[in-house]
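Below is one structure, written out as structure tokens, with a few remarks after it.
Numbering (my numbering), first residue to last: 417 to 974.
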């Protein structure tokens with residue numbers, strides 16, 4: 417809309433009201449003429465009836481002389497005037513009157529009055545012996561219609577002026593408000609148009625069009641940024657959740673939805689209780705709001721997750737947003753397991769070292785205080801001290817070996833090992849124990865070469881073979897088989913219960929703790945075997961039956 421439109425609206429209203437005025441005038445004029453003609457005819461009939469009833473002219477004159485502007489004239493058959501009521505006009509000659517009356521008999525006609533100076537509407541009706549002519553001034557008939565025309569014109573002009581003024585004021589206010597809004601949009605869109613022109617709508621329309629395009633581009637950029645943000649968040653292998661100041665979930669990534677078994681549409685803008693993390697989350701949120709951060713562990717579907725909560729400013733998410741809570745959670749199952757294993761390791765290590773150390777200190781104190789003075793007793797005490805010292809040495813050596821294997825800290829280089837020859841050497845080193853326990857050792861070996869650190873291969877075979885000897889029966893049997901694919905060491909010993917098989921590779925785990933210590937075991941041998949297999953990519957398999965024996969099978973190509 418502009419000034420031309422305003423002017424067009426005003427002209428339209430003017431012409432519309434003008435047409436209504438003309439229609440009103442025409443209608444009023446027609447109705448007034450119809451009413452006047454009906455009145456003239458009625459007066460003519462009344463006067464004719466009075467004359468036919470032989471009523472005197474004086475009586476008739478008295479009856480109609482008070483009717484305002486009514487003119488009544490009665491003529492004889494020769495157009496001579498017999499009676500005049502309210503007629504100030506000078507009549508023409510008789511022959512002219514007779515012609516006039518005869519020509520306009522039973523009809524209406526206008527006649528300009530020279531004497532009176534205005535036009536009169538007449539109606540002529542024939543009598544038995546003459547004529548009756550009844551008339552009314554034209555001005556009286558058309559007065560109402562012309563009043564409507566005059567006053568209506570004034571009203572129209574007034575209405576159009578008022579309408580035009582109001583329309584222009586509305587136009588100016590609307591343009592002013594639009595300019596303010598468009599200027600605000602220009603700031604957002606980075607445009608700079610001059611909106612001071614009087615006909616500002618064109619500029620406003622152009623500005624709005626340009627601003628609309630800029631805003632669309634910004635919206636598309638925001639959508640693109642949102643997609644990028646969601647993609648990045650969903651690619652993170654950690655749970656990420658944002659809780660706003662109203663305790664509603666404002667953001668959640670794919671990892672969190674998967675681990676919590678939730679759907680995005682059921683979480684966003686909902687209270688954080690839908691996360692179903694219980695009192696741990698409630699307390700964590702309260703602490704984070706109060707102390708700016710908090711954390712807790714939560715077990716979900718058999719895995720342990722660490723939740724870290726931090727109070728954050730959410731204005732990056734929404735301009736009017738309050739402070740909220742950012743939550744990151746990740747799987748710490750292995751870390752917690754390692755912590756538990758480390759705790760148990762140190763506890764067990766302390767215990768394994770404390771027992772022989774207590775024995776050593778006890779014997780040494782007794783010897784120092786002279787509590788043992790017999791030569792045999794002294795000799796036995798010294799043997800016990802040496803035995804326990806060697807046991808401590810074995811535990812420490814195995815602990816150091818296990819630590820080196822676990823963190824792969826060995827500086828020794830891998831070399832090609834003749835596995836067949838190495839196994840023979842290891843078996844030979846156990847000849848004394850094998851013979852002592854009357855064990856029959858059957859060895860079936862195939863030529864094979866492996867690239868390993870020699871010490872690691874020695875520990876791998878020695879620890880398994882050592883257990884096969886220690887926990888075998890008297891006169892038992894050991895079978896060692898080497899193929900291109902695997903190494904098998906099978907005994908006929910006491911066997912391992914199925915409930916213990918999964919734990920025999922743990923540090924210091926013993927199926928029979930008393931018997932193991934009695935036979936000199938440190939509880940670390942199979943843990944060392946497991947870590948050697950892990951480091952070289954071997955697969956170890958255990959098959960065992962109580963009192964029937966155990967088989968350890970190591971596959972080289974896992």
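Each residue gets a CB set at the ideal place from its N, CA and C atoms; glycine is no exception.
Self-check item: Run of the beta strand (DSSP E) containing residue 535, from where it starts to where it stops
Solution: For this step, residue 535 is matched to residue 119 along the chain shown. 535-543 is the span of the beta strand (DSSP E), which, as asked, contains residue 535.
Self-check item: residue 956, DSSP secondary structure in three states
Solution: In the chain shown, residue 956 corresponds to position 540, counting from 1. In this structure, residue 956 counts as strand in the three-state DSSP scheme.
Practice problem: Pick helix, strand or coil for residue 942, following the three-state DSSP scheme. | Solution: Taking the chain shown and counting its residues from 1, one reaches residue 942 at position 526. DSSP places residue 942 in the helix class (H, G or I) of the three-state scheme.
Exercise. Compute the Euclidean distance between the alpha carbons of residue 720 and residue 820, then round it to the nearest angstrom.
Key: By 1-based counting over the chain shown, the position of residue 720 is 304. By 1-based counting over the chain shown, the position of residue 820 is 404. If I take the Cα positions, the gap works out to 28 Å.
Quiz item: Are residue 888 and residue 911 closer than 7 Å when you measure CB to CB?
Solution: The residue you call residue 888 lines up with position 472 of the chain shown. The residue you call residue 911 lines up with position 495 of the chain shown. No; because the gap between Cβ atoms is not below 7 Å, this pair is not in contact.
Practice problem: May I ask which residues mark the beginning and end of the alpha helix (DSSP H) holding residue 676? | Solution: Here residue 676 refers to the residue found at position 260 when the chain shown is read from its first residue. DSSP places residue 676 in the uninterrupted alpha helix (DSSP H) bounded by 670-676.
Exercise. Compute the Euclidean distance between the alpha carbons of residue 421 and residue 637, then round it to the nearest angstrom.
Key: Indexing the chain shown from 1 puts residue 421 at position 5. Indexing the chain shown from 1 puts residue 637 at position 221. Those two C-alpha atoms are separated by around 39 Å.
Self-check item: Buried versus exposed, by CB contacts within 10 Å (16 or more), residue 689
Solution: Translated into the one-based positions of the chain shown, residue 689 becomes position 273. Residue 689 comes out exposed.
Quiz item: Any idea if residue 804 is buried or exposed, counting beta-carbon neighbours within 10 angstroms, 16 or more meaning buried?
Solution: Counted from its first residue, the chain shown places residue 804 at position 388. Residue burial is scored here from C-beta neighbours: residue 804 has at least 16 other C-beta atoms within 10 angstroms and is therefore classed as buried.
Practice problem: Determine the direct distance from the alpha carbon of residue 590 to that of residue 583, and round the result to whole angstroms. | Solution: To locate residue 583, count along the chain shown from 1; it is residue 167. To locate residue 590, count along the chain shown from 1; it is residue 174. Their Cα atoms are separated by approximately 10 Å.
Quiz item: Beta-carbon separation of residue 699 and residue 663 under 7 Å?
Solution: Against the chain shown, residue 699 aligns to sequence position 283. Against the chain shown, residue 663 aligns to sequence position 247. No. Outside cutoff.
Quiz item: Count the other CB atoms within 10 Å of the CB of residue 868; is the residue buried (16 or more) or exposed (fewer)?
Solution: What you label residue 868 is simply residue 452 of the chain shown in a count that begins at 1. Per the 10 Å Cβ criterion, buried.
Quiz item: Which class does residue 485 belong to by DSSP, given the choice of helix, strand or coil?
Solution: Against the chain shown, residue 485 aligns to sequence position 69. Of the three classes helix, strand and coil, the one that applies to residue 485 here is coil, per DSSP.
Self-check item: Nearest-angstrom beta carbon gap, residue 725 and residue 711 [assumed within contact, 8 Å]
Solution: Along the chain shown, read from residue 1 onward, the residue named residue 711 stands at position 295. Along the chain shown, read from residue 1 onward, the residue named residue 725 stands at position 309. Indeed, because the Cβ distance is near 6 Å, the residues count as touching under 8 Å.
Quiz prompt | Burial state of residue 870, where buried means 16 or more other Cβ atoms lie within 10 Å | solution = Translated into positions along the chain shown, residue 870 becomes position 454. By the 10 Å Cβ count, residue 870 comes out exposed.
Quiz prompt | Classification of residue 852 by the beta-carbon crowding that lies within 10 angstroms, buried from 16 upward | solution = Locating residue 852 in the chain shown gives position 436, counting from the first residue. Counting Cβ neighbours within 10 Å, residue 852 comes out exposed, since fewer than 16 surround it.
Self-check item: N- and C-terminal bounds of the beta strand (DSSP E) containing residue 546
Solution: Residue 546 sits at position 130 when you count from the first residue of the chain shown. Segment 546-553, the beta strand (DSSP E) holding residue 546.
Quiz prompt | Own chain residues within Cβ distance below 7 Å of residue 492, not counting five before or after | solution = Numbered from its first residue, the chain shown carries residue 492 at position 76. 498, 545 and 546.
Self-check item: residue 687, DSSP secondary structure in three states
Solution: In the chain shown, the residue the question calls residue 687 occupies position 271. In the structure shown, residue 687 falls within a strand segment according to DSSP collapsed to helix, strand and coil.
Practice problem: Pull up the DSSP beta-bridge partners for residue 1019, would you. | Solution: The question about residue 1019 has no answer, for the chain in this structure spans 417 to 974.
Quiz item: Where does residue 859 land, buried or exposed, given buried means 16+ other C-beta within 10 angstroms?
Solution: By one-based count along the chain shown, residue 859 stands at place 443. Note on residue 859: under 16 other CB atoms within 10 angstroms of its CB, so exposed under the neighbour-count rule.
Quiz item: CA-CA distance, residue 443 and residue 561?
Solution: By 1-based counting over the chain shown, the position of residue 443 is 27. By 1-based counting over the chain shown, the position of residue 561 is 145. Answer to the nearest angstrom: the Cα atoms are 8 Å apart.
Quiz prompt | Anticipated Cβ contact below 8 Å, residue 576 with residue 430, distance rounded | solution = As a first step, residue 576 must be located in the chain shown, where it is residue number 160. As a first step, residue 430 must be located in the chain shown, where it is residue number 14. That pair is a contact at about 5 Å.
Quiz prompt | Chain-order list of residues whose beta-carbon lies under 7 Å from that of residue 948 (same chain, five-residue window excluded) | solution = Here residue 948 refers to the residue found at position 532 of the chain shown. Excluding residues up to 5 positions away in sequence, 821, 872, 875 and 876 lie with their Cβ nearer than 7 Å to the Cβ of residue 948 in the same chain.
Practice problem: Inspect the beta-carbon positions of residue 540 and residue 520 and report whether they are closer than 7 Å. | Solution: The residue you call residue 540 lines up with position 124 of the chain shown. The residue you call residue 520 lines up with position 104 of the chain shown. A contact, by the Cβ cut-off of 7 Å.
Quiz item: Could you give the distance in angstroms between the alpha-carbon of residue 673 and the alpha-carbon of residue 884?
Solution: As a position in the chain shown, residue 673 is number 257, starting the count at 1. As a position in the chain shown, residue 884 is number 468, starting the count at 1. One alpha carbon belongs to residue 673, the other to residue 884, and they sit about 50 Å apart.
Quiz prompt | Where residue 867 sits in the DSSP three-state scheme | solution = Within the chain shown, the letter at position 451 stands for residue 867. The answer is strand: DSSP assigns residue 867 an E or B state.
Quiz prompt | residue 558, buried or exposed, once every other Cβ within 10 Å from all chains shown has been counted against 16 | solution = Locating residue 558 in the chain shown gives position 142, where the first residue counts as 1. Within 10 angstroms of the beta-carbon of residue 558 lie 16 or more other beta-carbons, which makes it buried.
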